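Q:
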Amino acid sequence: MPKTINFTGKYTWNPEQDSMSFEATVDGKKTPCHISREALEDHYGADQSKTVDQAFSDNQFVIEDVARKLINKGQVDAHGEYLIRSQDV
């Protein structure tokens with residue numbers, strides 16, 4: 598059965614994980630998602646002509662679609678969070 602997935606639109610840089618953090622609501626439960634700096638650099642232009650914030654903002658809907666696929670596949674880490682790595686894009 599498909600999950601109900603919505604994104605809040607909020608995001609923030611997480612220096613501890615070297616990733617952009619954003620939040621989804623999956624079947625009514627808040628679920629943390631992240632995209633690595635490496636993925637932002639490799640696929641969305643960060644550090645070439647854009648900051649990581651600009652790269653995320655410019656591609657937010659595309660990144661959320663990648664997160665949606667990970668969520669539907671159940672590719673969650675031990676902390677119940679989803680991390681988009683370069684190979685996931």
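Following our numbering, the numbering of the sequence shown begins with 598 at its first residue and continues without gaps.
Using N, Cα and C, we set each Cβ at its ideal position, and we do this for glycine too.
Owing to the predicted nature of the structure, the values given are computational and were not obtained by experimental measurement.
#1: Counting pairs of beta carbons, one from the segment 677 to 684 and one from the segment 626 to 637, are three or more of them closer than 8 Å?
#2: Sort out for me which residues DSSP pairs F619 with in a bridge.
#3: Three-state secondary structure (DSSP) at N656?
#4: Can you have a look at E661 and say buried or exposed, based on whether 16 or more other CB atoms are within 10 angstroms of its CB?
#5: Exposed or buried, S633, counting other C-beta atoms within 10 Å across all chains shown (16 or more means buried)?
#6: Candidates L637, K607, P599 and T622: which alpha carbon is nearest D615's?
A: If we stick to the structure as given:
#1: yes
#2: Y608 and C630
#3: coil
#4: buried
#5: buried
#6: L637
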